[in-house]
Structure formats: structure tokens, C-alpha cells
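Protein chains in written order, with the working numbering: chain V, 34 to 150; chain S, 3 to 113.
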Amino acid sequence: GAVVSQHPSWVICKSGTSVKIECRSLDFQATTMFWYRQFPKQSLMLMATSNEGSKATYEQGVEKDKFLINHASLTLSTLTVTSAHPEDSSFYICSARDEELRNQPQHFGDGTRLSIL
Amino acid sequence: AQSVTQLDSHVSVSEGTPVLLRCNYSSSYSPSLFWYVQHPNKGLQLLLKYTSAATLVKGINGFEAEFKKSETSFHLTKPSAHMSDAAEYFCVVGSNYQLIWGAGTKLIIKP
Numbered sequence: 034g035a036v037v038s039q040h041p042s043w044v045i046c047k048s049g050t051s052v053k054i055e056c057r058s059l060d061f062q063a064t065t066m067f068w069y070r071q072f073p074k075q076s077l078m079l080m081a082t083s084n085e086g087s088k089a090t091y092e093q094g095v096e097k098d099k100f101l102i103n104h105a106s107l108t109l110s111t112l113t114v115t116s117a118h119p120e121d122s123s124f125y126i127c128s129a130r131d132e133e134l135r136n137q138p139q140h141f142g143d144g145t146r147l148s149i150l
Numbered sequence: 003a004q005s006v007t008q009l010d011s012h013v014s015v016s017e018g019t020p021v022l023l024r025c026n027y028s029s030s031y032s033p034s035l036f037w038y039v040q041h042p043n044k045g046l047q048l049l050l051k052y053t054s055a056a057t058l059v060k061g062i063n064g065f066e067a068e069f070k071k072s073e074t075s076f077h078l079t080k081p082s083a084h085m086s087d088a089a090e091y092f093c094v095v096g097s098n099y100q101l102i103w104g105a106g107t108k109l110i111i112k113p
């Protein structure tokens, strides 16, 4: 089945650090990937839709200069949290669609737990 | 516009007893509906999906859900709970591009 790999799974760093999270589709090509944020005991919130070869589409209220998204290839999208602060601590999850299987839903990575000290 | 409401934030059942997780949706057109499961500190796994075919959808791990248009419901059930079913469950409405997530229901399994 379709596998999405997300790395790293856990990050702890100091305030002011920039953190990069990678999302890879391992056995399929993904023109579109999605980045979600999940606060403790809450549901997922879509942050942005990542489009290969073009700019990401950000949801209302999400700072695009804060959360930089790059989708340079059909199998890799990256989310960089720039100058992270404690309020950016959260669980970040990516997903991807297999463009050849149009009836299949999004496939999710295992998430990245980001803790900013 | 689409929306989804999970009626219970927590459900607690004893191991071996039936599970019912309730979900109501709102959609101006025929929706696609999903149930996802999330184990602690893990990503999301698709349990099952409804896309206007059979109204009773069978998923993985013995779960199933029934689409009832008249009640705008898509409740998730399992005949007999197992300890490994303890997790957070999300009801989702939308398309393969845009997903609207419910708030989640935490399923607690008592030994």
C-alpha cells in the first residue's frame, strides 16, 4: 500500500531555531501534499496544501513566512518552522495523494512532535 | 458547505462488548465520509471510506459504518472491543482534496 514517511518523528529545540520536517511518498508520486497541525486533544487543522513545482496554498490564519513549504519533487515536501517559539510546539502531520489512484484518500505520515523550549 | 460532528468526546466500553462511535455530517451534496484512527503519538490510519456505493461499509480491524442519509449519520461500530482498539477516532467528510475533520472521540477500553 501507499506509504508516507515523515521525518523526524520528534524534535526538541531551543526557541529561535528553525526546524525542517520532511514528508516523502515512498512508493508513489504525489503532486499534492497536505500539512496539518494538531494541538493536544484536538482535531487536525489543515495548514496548507503543497503543490509540486508551485507555491503552497495556505489556509486562513496560517503565516506563510512562518511556515515555509517547499515541494521540489513529486515525492518530497518540506515544512520549515522558522524561528520557532514555544507556541509553535505541536504535532505536525503530512499527507499525500497518489495521483494515479484518484479514488483513494490521502495517506498520512506518522507525524512529527515538535517541542520548543 | 460541509461539516461533521462527533457526538461524544469520550466513549468507554469493556473489552469484548460492542463499540458505537457516533458521527453526524452536513453536506450540500452527496458526501464522501471517512473514519480514521490515531493511536497515541502516531499518525492516522484509514479505517473505512464511504463514497456512495454500499451504505454499509466494512473496514479494517472488524470495524464497520453505516451511511444513513435520512439521519445524516455515519456511525462507527464494532461487535466486540479489543484492548488494542483504544485510540482516538476521527470522522471526516469531504473529498480526496479537502477533508473536514470531526473533533475526535477517544475510545477507552476497560479490561
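A virtual CB, placed ideally from N, CA and C, is assigned to each residue, including glycine.
Just so you know, these numbers come straight off a predicted model, no measurement behind them.
Is the separation between the beta-carbon of residue i and that of residue j shorter than 9 angstroms?
{"i": "V:Ala81", "j": "V:Glu92", "result": "yes"}
{"i": "S:Leu35", "j": "S:Arg24", "result": "no"}
{"i": "S:Phe76", "j": "S:Asn26", "result": "yes"}
{"i": "V:Ala129", "j": "V:Ser58", "result": "yes"}
{"i": "V:Lys47", "j": "V:Leu147", "result": "no"}
{"i": "V:Gln71", "j": "V:Gly144", "result": "yes"}
{"i": "V:Phe100", "j": "V:Thr113", "result": "yes"}
{"i": "V:Cys127", "j": "V:Val44", "result": "no"}
{"i": "S:Ser11", "j": "S:Ala88", "result": "no"}
{"i": "S:Pro81", "j": "S:Glu17", "result": "no"}
Just tell me which of the options has its CA closest to the CA of residue i.
{"i": "S:Lys51", "options": "S:Pro42, S:Pro33, S:Lys44", "result": "S:Pro33"}
{"i": "V:Ala35", "options": "V:Thr145, V:Gln139, V:Leu147", "result": "V:Gln139"}
{"i": "V:Thr108", "options": "V:Leu150, V:Phe67, V:Gly49", "result": "V:Phe67"}
{"i": "V:Leu77", "options": "V:Lys53, V:Leu150, V:Asp143, V:Phe124", "result": "V:Phe124"}
{"i": "S:Ile111", "options": "S:Trp103, S:Thr7, S:Thr19, S:Lys60", "result": "S:Thr19"}
{"i": "V:Glu85", "options": "V:Thr65, V:Pro119, V:Arg146", "result": "V:Thr65"}
{"i": "S:Lys71", "options": "S:Gly45, S:His12, S:Ser28, S:Ser11", "result": "S:Ser28"}
{"i": "V:Ser53", "options": "V:Asp60, V:Glu96, V:Gln39, V:Gln62", "result": "With the sequence shown as reference, residue 53 of chain V is identified as Lys, and Ser is not the correct amino acid for it. Comparing Cα-Cα distances from V:Lys53 to each of V:Asp60, V:Glu96, V:Gln39, V:Gln62, the minimum goes to V:Gln39."}
{"i": "S:Phe65", "options": "S:Val21, S:Ala3, S:Ser5", "result": "S:Val21"}
{"i": "S:Phe92", "options": "V:Lys74, V:Asp121, V:Glu96, V:Ser122", "result": "V:Lys74"}
{"i": "S:Pro42", "options": "V:Glu120, V:Pro119, V:Gln62, V:Ser42", "result": "V:Ser42"}
With 16 other CB atoms within 10 Å as the buried threshold, where does residue i fall?
{"i": "V:Asp131", "result": "buried"}
{"i": "S:Thr107", "result": "buried"}
{"i": "S:Glu90", "result": "buried"}
{"i": "S:Gly96", "result": "buried"}
{"i": "S:Tyr31", "result": "exposed"}
{"i": "V:Gly49", "result": "exposed"}
{"i": "V:Arg83", "result": "The identity of residue 83 of chain V in the sequence shown is Ser, whereas the question assumes Arg. Buried is the call here."}
{"i": "S:Ala56", "result": "exposed"}
{"i": "S:Leu58", "result": "exposed"}
{"i": "V:Ala63", "result": "buried"}
Mind reading off the beta-carbon distance from residue i to residue j? Whole number of angstroms is fine, and I expect it under 8 angstroms.
{"i": "V:Thr111", "j": "V:Asn103", "result": "5 angstroms"}
{"i": "S:Leu78", "j": "S:Trp37", "result": "5 angstroms"}
{"i": "S:Gly61", "j": "S:Leu49", "result": "4 angstroms"}
{"i": "S:Val15", "j": "S:Ala83", "result": "5 angstroms"}
{"i": "S:Val13", "j": "S:Leu109", "result": "5 angstroms"}
How would you list, in chain order, the residues of chain B whose beta-carbon sits under 9 angstroms from the beta-carbon of residue i?
{"i": "V:Gln62", "result": "The structure shown contains no chain B; its protein chains are V and S."}
Chain S contacts from the stretch 85-98 of chain V (Cβ-Cβ distance under 7 angstroms)
none
With 9 angstroms as the limit, tell me which residues of the stretch 16-44 of chain S have their beta carbon closer than that to any beta carbon of chain V; keep them in chain order.
Listed by position, the residues of the stretch 16-44 of chain S near chain V (Cβ gap below 9 angstroms) are Ser34, Phe36, Tyr38, Gln40, Asn43, Lys44.
Could you name the residues of the stretch 55-73 of chain S whose beta carbon sits closer than 8 angstroms to any beta carbon of chain V, in the order they occur along the chain?
none
Cβ-based contacts, 9 angstroms cut-off: residues of the stretch 66-77 of chain V near chain S
Phe67, Tyr69, Gln71, Lys74, Gln75, Ser76, Leu77
Near-chain S residues of the stretch 95-129 of chain V - C-beta to any C-beta below 7 angstroms:
Listed in sequence order: Ile126.
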